[in-house]
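First the structure, in the form of structure tokens, and then the observations on it.
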Amino acid sequence: MVVSPERLDEAHPLLEGLDVERAAAPAAIVIFGASGDLTSRKLMPALQALMAREQLAPGTSIVGVGRSDLGHDGFRDRMRQAVEQAGGGDVDERAWAELQGGLRYVSGDYDDDATYQALDEVVADLDRHRGTAGNRLHYLSTPPGVFAAVVRRLGDVGLHRPAPGGDFARVVIEKPFGRDLDSAQALDRSLHEVLDEDQLYRIDHYLGKETVQNVLALRFANSIFEPVWNRGYVDSVQITVAESEGVGHRAGFYEDAGALRDIVQNHLLQVLALTVMEPPVSMSPKGIRDEKVKALGAVDILHPGEVAREVVRAQYRRGWVGGTEVPGYHEEKGVAPDSRTETYLAMRLRIDNWRWAGVPFYLRTGKCLPRRVTEVALRFSGVPHLPFAPTQATQLGPNALVLRIQPDEGITLRFGAKIPGQTFDVRSVSMDFSYGAAFAEEPPEAYERLLYDALMGDPTLFIRTDEVQQAWRIVQPLLDAWSSESAPLAGYDAGTWGPEEADRLLEGDGRRWRRP
Ligand code: BG6
Numbered sequence: 002m003v004v005s006p007e008r009l010d011e012a013h014p015l016l017e018g019l020d021v022e023r024a025a026a027p028a029a030i031v032i033f034g035a036s037g038d039l040t041s042r043k044l045m046p047a048l049q050a051l052m053a054r055e056q057l058a059p060g061t062s063i064v065g066v067g068r069s070d071l072g073h074d075g076f077r078d079r080m081r082q083a084v085e086q087a088g089g090g091d092v093d094e095r096a097w098a099e100l101q102g103g104l105r106y107v108s109g110d111y112d113d114d115a116t117y118q119a120l121d122e123v124v125a126d127l128d129r130h131r132g133t134a135g136n137r138l139h140y141l142s143t144p145p146g147v148f149a150a151v152v153r154r155l156g157d158v159g160l161h162r163p164a165p166g167g168d169f170a171r172v173v174i175e176k177p178f179g180r181d182l183d184s185a186q187a188l189d190r191s192l193h194e195v196l197d198e199d200q201l202y203r204i205d206h207y208l209g210k211e212t213v214q215n216v217l218a219l220r221f222a223n224s225i226f227e228p229v230w231n232r233g234y235v236d237s238v239q240i241t242v243a244e245s246e247g248v249g250h251r252a253g254f255y256e257d258a259g260a261l262r263d264i265v266q267n268h269l270l271q272v273l274a275l276t277v278m279e280p281p282v283s284m285s286p287k288g289i290r291d292e293k294v295k296a297l298g299a300v301d302i303l304h305p306g307e308v309a310r311e312v313v314r315a316q317y318r319r320g321w322v323g324g325t326e327v328p329g330y331h332e333e334k335g336v337a338p339d340s341r342t343e344t345y346l347a348m349r350l351r352i353d354n355w356r357w358a359g360v361p362f363y364l365r366t367g368k369c370l371p372r373r374v375t376e377v378a379l380r381f382s383g384v385p386h387l388p389f390a391p392t393q394a395t396q397l398g399p400n401a402l403v404l405r406i407q408p409d410e411g412i413t414l415r416f417g418a419k420i421p422g423q424t425f426d427v428r429s430v431s432m433d434f435s436y437g438a439a440f441a442e443e444p445p446e447a448y449e450r451l452l453y454d455a456l457m458g459d460p461t462l463f464i465r466t467d468e469v470q471q472a473w474r475i476v477q478p479l480l481d482a483w484s485s486e487s488a489p490l491a492g493y494d495a496g497t498w499g500p501e502e503a504d505r506l507l508e509g510d511g512r513r514w515r516r517p
């Protein structure tokens, strides 16, 4: 929704000069889990940046809810620190002044009546004095175990609906959305007891990344790629989400998640969906999300008996990453000595539809790999007839198109070219496009984009309930197969590209993993 000038509270002189077409309506943004890391590292800096760019209307207010007893002043100090840290000491003081006037804090338990009574009063006061106009955006940055309780309690005090005169009440939740198909369905049932699906904004921060959205631009704003984007031309696709960091201080969370729940069920499958989906009729939220659901629905679901053949999981051992020695997963603080949690996963999957039948998709993700890199690489089939002598084409590899999602955001096209000289030898060369070089403008942080969209009521980049469930359907057989203690778990040295078993997965198909 775009704020119309009539709707804005005249009590705000700062509105003068505001680009009203671009500002989200004033709202009370309630952050549950406000004393946590995400609020300081991502949410508050994103809100400050949005206010600095006048994408938030003056009057927009932030209420932190948390178990720590910070008080309004303590919360304000912490948020100031967060904003300073994010800006490397630089703070847009005008934006901060506007935001800090609307910072409030409510301490209490997430499943306690008193917390919500207090919250209701604070929000009503903001409506009266800051012009938040009955609009609410609740952001659940809490452990997932309390999502259902928070939403139920919001319903009890009526904060799940806009106050009279308001336009919206929305709830943003962060993954994980359940820990398997059953619990994801149970979670959605309890959320839907209080909220309509169109009030729910499920975040996968990968969709907030500019270059992930650019997969759609590349495919659907150009005529040259789509004709070859299918089984007729594509030999295979590799999608990599590699991280050089280990689990660090997040072992408590990671032990229970592993690479499958942490990355594959959400980020990797989202990138896959955008890569393989059919062209939407329009870029409307429904148009795009319907196609993503169809794409995920076409993924061939493995039988538990096929998992060991199609999927490799592994755990990192002590090794060297970027010249630094790093401990093995078992040595990390908070990891059980006999932990069987996977920190690496590689899988081959198939998509049973007209466009992709027979094309293998190789997905991999891991911690403590040599570099942080996310990319989608399409390898094209060879030419029907190569009119060169084998000796002339020894350095010629397959054509490939690589979408570099992070870092070095850009696109690389690999093709064959003649080596200068008297002979007709050919070899592969690369043509590179870099977003950084082409556009002077810095893209917004993922959380800026997502918070803004949530306030504007644009759910395109959020995950709908049927997408979540399709994704769980794909990973559920893996969870089932790995519930047994005897399920295979390979090892790899930190700083390498993963276990040999993952190499063999592709070698059997006559292919190799790319070295990004
Ligand atoms: C998070 C995972 O969702 O994504 C983390 O929980 C992971 O384990 C992170 O490190 C990766 O995100 P990015 O944006 O750094 O690629």
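Taking this note's numbering, the leading residue of the sequence shown gets 2, the next gets one more, and so forth.
Backbone N, C-alpha and C fix where the C-beta goes; we use that ideal spot for every residue, glycine too.
Any idea if residue i is buried or exposed, counting beta-carbon neighbours within 10 angstroms, 16 or more meaning buried?
i, result
"T116", "buried"
"G499", "buried"
"W355", "exposed"
"L9", "The predicted model places L9 with a pLDDT of 39, which falls under 50 and marks its position as unreliable, so this point remains unresolved."
"L16", "The predicted position of L16 is uncertain, since its pLDDT is 42 and thus under 50; a value taken from the coordinates is nonetheless stated next. Counting Cβ neighbours within 10 Å, L16 comes out buried, since at least 16 surround it."
"R516", "exposed"
"R513", "exposed"
"H268", "buried"
"M348", "buried"
"Q86", "exposed"
"F178", "buried"
"L387", "exposed"
"R310", "exposed"
"K368", "buried"
"A441", "exposed"
"A299", "buried"
"D205", "buried"
"K176", "buried"
"Y106", "buried"
"A1", "Given a span of 2 to 517 for the chain in the structure shown, any question on residue 1 remains unanswerable."
"H161", "buried"
"A43", "Looking at the sequence itself, residue 43 is Lys, so the reference to Ala does not match. Result: buried."
"D199", "exposed"
"D189", "buried"
"P59", "buried"
"R454", "The sequence shown places Asp at residue 454, rather than the Arg named in the question. By the 10 Å Cβ count, D454 comes out buried."
"E22", "Note on E22: pLDDT 46, under 50, position unreliable in the model; the coordinate value appears next. Per the 10 Å Cβ criterion, exposed."
"Q271", "buried"
Starting from residue i, trace the beta strand (DSSP E) in both directions and tell me its first and last residue.
i, result
"M348", "345-350"
"W321", "320-322"
"I566", "Any answer about residue 566 is impossible in this case: the structure gives the chain only from 2 up to 517."
Using DSSP bridges, identify the partner residues of residue i.
i, result
"D494", "R318"
"H139", "V31, V172"
"I63", "I30, L104"
"I240", "L364, V377"
"A412", "Here the sequence assigns Ile to residue 412, which means Ala is not the residue at that position. DSSP, once it has assigned bridges, lists L404, F434 as partnering I412."
"Y202", "V173"
"T325", "V322"
"G396", "Note on residue identity: the sequence assigns Gln, not Gly, to residue 396. Note: Q396 sits in a beta bridge opposite R428."
"V151", "Partner(s): none; V151 has no beta bridge."
"A25", "L57"
"V235", "F381"
"V312", "M348"
Which residues bound the alpha helix (DSSP H) around residue i?
i, result
"R171", "No alpha helix (DSSP H) holds R171; the beta strand (DSSP E) holding it covers 170-175."
"K334", "Taken as a continuous stretch (DSSP letters only), K334 belongs to no alpha helix (DSSP H), as it is neither H nor E."
"G275", "In the sequence under discussion, the amino acid at residue 275 is Leu, which differs from the Gly named in the question. Residues 270-277."
"F463", "Careful: F463 lies outside any alpha helix (DSSP H) and carries neither H nor E."
"T212", "211-221"
"L297", "286-298"
"T116", "114-131"
"E256", "252-260"
"S191", "182-195"
"V84", "72-87"
"D504", "501-508"
Quick check: is the beta carbon of residue i nearer than 7 angstroms to any beta carbon in chain C?
i, result
"F440", "Included in the structure is just one protein chain, with no chain C present."
**Message:** Extract the residue ranges of the alpha helix (DSSP H) inside the stretch 37-62, only unbroken runs of 4 or more that lie entirely within it.
**Reply:** Complete alpha helix (DSSP H) runs here, min 4: 45-53.
**Asked** Hey, which unbroken runs of the alpha helix (DSSP H) at 4 residues or more fall wholly within the stretch 424-465?
**Response** Here the runs fully enclosed are 436-439, 447-457.
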